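> Keeping their order, the protein sequence lines are chains R and P.
To convert, count from 1 in the first sequence and add 466; that's my numbering.
To convert, count from 1 in the second sequence and add 96; that's my numbering.
For glycine and all other residues, C-beta sits at the position ideal for the given N, C-alpha and C.
Please read all numbers here as calculations on a predicted model, not as lab measurements.
Structure below; questions to follow.
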Amino acid sequence: GIKQSTITKFFSKG
Amino acid sequence: MFELRLVQGSLLKRVIDAIKDLVNDANFDCSSTGFSLQAMDSSHVALVALLLRSEGFEHFRCDRTFSMGMSIANMAKMLKCASNDDIITIKADDGTDTVTFMFESPSQDKISDIEMKLMDIDSDHLGIPDAEYEAIVRMPSTEFGSICTSLSTIGDTVTIAVSKQGVTFSTKGDIGSGNITCRQNSSTEKPEEATIIEMKEPVVLTFALKYITTFTKATSLSSQVTISLSSDMPVVVEYKIAEMGHIRYYLAPKIEE
């Protein structure tokens with residue numbers, strides 16, 4: 467199925 | 097000491113309206129560069145980045161870099177006390193837990209002083225890498241807004257496909273499906289009505305419409321919107337704020353598992 471990803475998966479903290 | 101004065105006060109009202117449905121609380125970062133914000137929605141699916149450069153204000157003073165934590169909903173309530181043609185001044189002193197908004201009517205015959213409590217907000221800044229996007233679509237912001245509104249009456253997601261033929265927005269729902277294609281149109285005499293597509297690679301990405309529709313609350317800030325796409329990356333939906341900066345929304349895609 468198709469799933470919603472999150473922003474934090476792509477952009478790192480810092 | 098921090099003080100900024102914005103003659104076009106309605107701009108701040110519109111900026112807050114463009115954020116308030118996405119973000120509850122946020123830290124506004126104040127520095128000599130300007131007034132900025134980065135915040136995610138509560139489910140961490142979308143991120144908004146606002147920049148209002150210091151040069152865009154009639155008066156801008158910021159003695160040291162600091163953050164002001166504010167409830168966006170409360171800020172919107174406070175800004176309701178300002179008329180659209182009011183001049184807005186925002187003031188805060190070091191070490192205080194309040195911010196003052198002053199609204200002056202253009203003829204100076206009415207002055208409102210509003211004090212709002214600040215909040216301690218624990219939030220991490222995310223590093224947003226400078227990326228080369230595979231496809232960049234520039235189009236009238238009202239057109240983009242109406243496409244999102246139309247498609248959200250049919251389905252919950254939008255698939256954005258950029259090809260040599262143009263950009264296609266499509267959706268599917270219980271009642272049926274729909275797709276809207278916009279072709280490049282740079283021949284128009286009015287630049288704000290142009291649709292321009294820069295494509296290095298064809299891209300197809302799917303997003304939740306409820307977030308994209310929220311982004312279009314920024315439509316009144318800019319006549320054009322820029323949509324930057326790369327495979328398996330968050331889309332960037334940018335509205336430029338004339339002479340001041342921008343509001344950029346990032347939205348994580350839906351990914352096939």
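Is the Cβ-Cβ distance between residue 118 of chain P and residue 132 of chain P less than 8 Å?
no
> If we ignore side chains and look at the alpha-carbon of each, how far apart do residue 121 of chain P and residue 212 of chain P end up?
13 Å
> So which residues on chain R does residue 302 of chain P lean against when the C-beta distance must stay under 9 Å?
468
> Less than 8 Å between the beta carbons of residue 317 of chain P and residue 335 of chain P, yes or no?
For residue 317 of chain P and residue 335 of chain P, yes; Cβs fall inside 8 Å.
> Can you find a CB in chain A that lies within less than 8 Å of the CB of residue 222 of chain P?
Here chain A cannot be found, since the structure's protein chains are R and P.
> Is the Cβ of residue 340 of chain P closer than 8 Å to any Cβ of chain R?
At a cut-off of 8 Å between C-beta atoms, residue 340 of chain P does not count as an interface residue with respect to chain R.
> Relative to the C-alpha of residue 128 of chain P, which candidate in P:136, P:98, P:203, P:307 has its C-alpha closest?
P:98
> Return the first residue and the last residue of the beta strand (DSSP E) that residue 162 of chain P is part of.
162–167
> So residue 229 of chain P contacts chain R; which residues on that side make the cut at Cβ distance below 7 Å?
The premise fails here: residue 229 of chain P is roughly 13 Å from chain R at the closest Cβ pair, so nothing lies under 7 Å.
> Indicate whether residue 186 of chain P and residue 100 of chain P have their beta-carbon atoms separated by less than 8 Å.
yes
> Judging by CA-CA distance, which residue of P:274, P:184, P:238, P:292 is the nearest neighbour of residue 197 of chain P?
P:184
> Measuring CB to CB, does residue 476 of chain R end up less than 8 Å from residue 329 of chain P?
yes
> Which residues does DSSP pair with residue 158 of chain P in a beta bridge?
P:98
> Can you name the residues of chain R whose CB is closer than 7 Å to the CB of residue 141 of chain P?
Correct list: 470, 472, 473.
> Using beta-carbon positions only, say whether residue 109 of chain P and residue 168 of chain P come within less than 8 Å of one another.
Contact flag unset, no.
> Measure the Cβ-Cβ separation of residue 188 of chain P and residue 325 of chain P and say whether it is below 8 Å.
no
> Decide if the segment 238–250 of chain P is in contact with the segment 221–229 of chain P; the criterion is three or more beta carbon pairs, one per stretch, under 8 Å apart.
Judged by Cβ distances under 8 Å, the segment 238–250 of chain P makes no contact with the segment 221–229 of chain P, as fewer than three pairs qualify.
> Determine, using beta carbons only, whether residue 304 of chain P and residue 253 of chain P come nearer to each other than 8 Å.
yes
> Against chain R, does residue 336 of chain P count as a neighbour if the rule is that its beta carbon must be under 8 Å from one of theirs?
no
> Might you give, ordered along the chain, the residues of its own chain that have their beta carbon closer than 6 Å to the beta carbon of residue 219 of chain P, omitting 5 neighbours on each side?
123
> Using a Cβ-Cβ distance under 8 Å, would residue 349 of chain P count as near chain R?
Against chain R, the CB of residue 349 of chain P has a partner CB under 8 Å away; the residue lies at that interface.
> Compute the Euclidean distance between the alpha carbons of residue 302 of chain P and residue 276 of chain P, then round it to the nearest angstrom.
15 Å
> For residue 213 of chain P, name the three-state secondary structure that DSSP assigns.
Strand, per DSSP.
> Using DSSP with H/G/I as helix, E/B as strand and the rest coil, what is residue 180 of chain P?
Of the three classes helix, strand and coil, the one that applies to residue 180 of chain P here is coil, per DSSP.
> How about residue 473 of chain R and residue 350 of chain P: do their beta carbons lie closer than 8 Å?
no
> Starting from residue 106 of chain P, trace the alpha helix (DSSP H) both ways and give me its first and last residue.
105–113
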